[in-house]
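Just add 17 to wherever you are in the sequence shown, counting from 1, and you've got our numbering.
Reviewing the structure listed below.
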Amino acid sequence: MSDTRSELGDGDAPVEDQVGDAFDLIVSEGAQRLHRSWREVLTTGLAGGLEVGTGVLAYLAVLAETGSHLLAGLAFSIGFIALLLARSELFTEGFLVPVTAVVAKRASPVQLVKFWAGTFAANLVGGWLIMWLVVRAFPDLRATAVEAGTHFVTAPLDLQSVCLGVLAGAALTLMTRMQHGTESDGAKIVAAVAGAFLLAGLQLFHSVLDSLLVFAALHSGAPFGYGAWLAWLWYTVLANMAGGLLVVTLLRLVRSKDLLAAERGEVEAGR
């Protein structure tokens with residue numbers, strides 16, 4: 018029996034031990050993030066917007082020099098690596114981990130909404146500020162910034178645009194899941210580079226990343242205004258959420274349904 022147990026793993030739930038360990042980490046981290054105060058939510062989100070801006074700067078610099086979005090996408094990975102190592106928050110990273118904590122009853126839906134709203138708003142403020150600095154520090158990048166930002170705000174609201182937004186949300190949430198599936202910092206960085214390549218290299222529609230490109234374009238004298246950005250932003254946010262929540266998070270929740278039931282049982286027993 019002991020030999021069989023060692024082959025099957027140590028956990029009692031009908032899932033692999035690695036899945037169980039990752040689930041425990043996700044629930045614990047998600048609960049901690051959702052119990053932050055408004056001050057903590059806003060400052061962490063503001064830092065996230067500022068730090069991902071370093072990746073946008075690298076993206077614009079490489080794009081200006083090479084004209085290659087794929088190479089620029091690799092350069093953008095600097096932003097995701099900064100987010101990872103500095104423990105900042107990006108709005109679309111808040112789908113898998115916090116939602117799992119809510120489903121496990123370790124946090125409330127109200128806390129989730131506060132976390133999403135505060136992080137998203139702070140990301141945009143931080144992104145606007147860092148792009149103002151970038152455009153004034155590197156005036157040679159202004160033409161590239163206008164071209165990059167115009168690509169998004171002039172896109173029609175059609176099936177292709179929605180699919181690009183869904184894929185962006187799914188790709189970033191998958192990146193988050195991969196990073197929580199390993200304890201290796203090197204593997205987490207590889208996941209960050211892969212996520213950046215998909216999002217920026219393939220010009221997927223990402224509500225925060227691409228908003229920074231639009232801000233850079235606006236600071237550079239783009240031939241459009243903030244109204245055009247908002248007309249693009251609203252459906253991109255919804256598409257990102259659909260991709261992150263329905264394509265990736267829902268499947269992970271179904272995969273961990275027994276663990277979720279056990280976690281909710283512990284919460285109910287402790288009340």
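Yeah, the Cβ is synthetic: ideal placement off N, Cα and C, and Gly gets one too.
Out of the options, which has the shortest C-alpha to C-alpha gap to residue i?
{"i": "T136", "options": "D38, R194, V79 and T61", "result": "T61"}
{"i": "A139", "options": "M195, S105 and A204", "result": "S105"}
{"i": "Q220", "options": "L268, A286, E110 and A188", "result": "A188"}
{"i": "L184", "options": "R53, A259, L226 and I98", "result": "A259"}
{"i": "W251", "options": "L101, V151, S178 and V130", "result": "S178"}
{"i": "S237", "options": "L158, V119, R269 and D202", "result": "L158"}
{"i": "R11", "options": "S125, M148 and E57", "result": "No answer is possible for residue 11: the residues shown for the chain start at 18 and end at 288."}
{"i": "V265", "options": "E82, L216 and T190", "result": "T190"}
{"i": "P173", "options": "E82, T253 and L263", "result": "T253"}
So, is residue i buried or exposed, given that buried needs 16 or more other C-beta atoms within 10 angstroms?
{"i": "V271", "result": "exposed"}
{"i": "G111", "result": "buried"}
{"i": "A278", "result": "exposed"}
{"i": "S54", "result": "exposed"}
{"i": "K274", "result": "exposed"}
{"i": "V284", "result": "exposed"}
{"i": "D227", "result": "buried"}
{"i": "A289", "result": "Nothing about residue 289 can be read from this structure; the chain reaches only from 18 to 288."}
Please state whether the Cβ-Cβ distance between residue i and residue j is less than 7 angstroms.
{"i": "T161", "j": "L77", "result": "yes"}
{"i": "H86", "j": "G218", "result": "yes"}
{"i": "A48", "j": "A118", "result": "yes"}
{"i": "L63", "j": "G144", "result": "no"}
{"i": "L113", "j": "R194", "result": "yes"}
{"i": "V116", "j": "A233", "result": "no"}
{"i": "Q196", "j": "A208", "result": "yes"}
{"i": "R13", "j": "V58", "result": "The structure shown does not extend to residue 13, since the chain is modelled only from 18 to 288, so the question has no answer here."}
In chain order, what residues of the same chain lie with their CB nearer than 8 angstroms to the CB of residue i, ignoring the 5 residues before and after it?
{"i": "A242", "result": "The amino acid at residue 242 is misidentified as Ala; the sequence shows Gly. Correct list, in chain order: L235."}
{"i": "F155", "result": "L74, L77 and A78"}
{"i": "L291", "result": "For the chain, the structure presents residues 18 to 288; residue 291 sits outside this window and is missing."}
Looking only at its chain, what residues have a beta carbon closer than 7 angstroms to the beta carbon of residue i, apart from the 5 residues adjacent to it on each side?
{"i": "V170", "result": "V231, F241, A245, W246 and W249"}
{"i": "A75", "result": "A92, F93 and I95"}
{"i": "L100", "result": "G65, E68, V69 and L107"}
{"i": "A239", "result": "V163, G166 and T167"}
{"i": "D202", "result": "none"}
Which same chain residues, not among the five before or five after residue i, have their C-beta less than 6 angstroms away from its C-beta?
{"i": "G72", "result": "F93, I95 and G96"}
{"i": "L181", "result": "L221 and F222"}
{"i": "A89", "result": "Y76, V79 and L80"}
{"i": "L102", "result": "none"}
{"i": "G198", "result": "A39"}
{"i": "M192", "result": "A208 and G212"}
For a minimum of 4 consecutive residues, which ranges assigned as the alpha helix (DSSP H) are wholly contained in the stretch 251-286?
267-272 and 274-286
Start-end ranges of the alpha helix (DSSP H) lying completely within the stretch 49-124, minimum 4 residues:
55-83, 86-103 and 113-120
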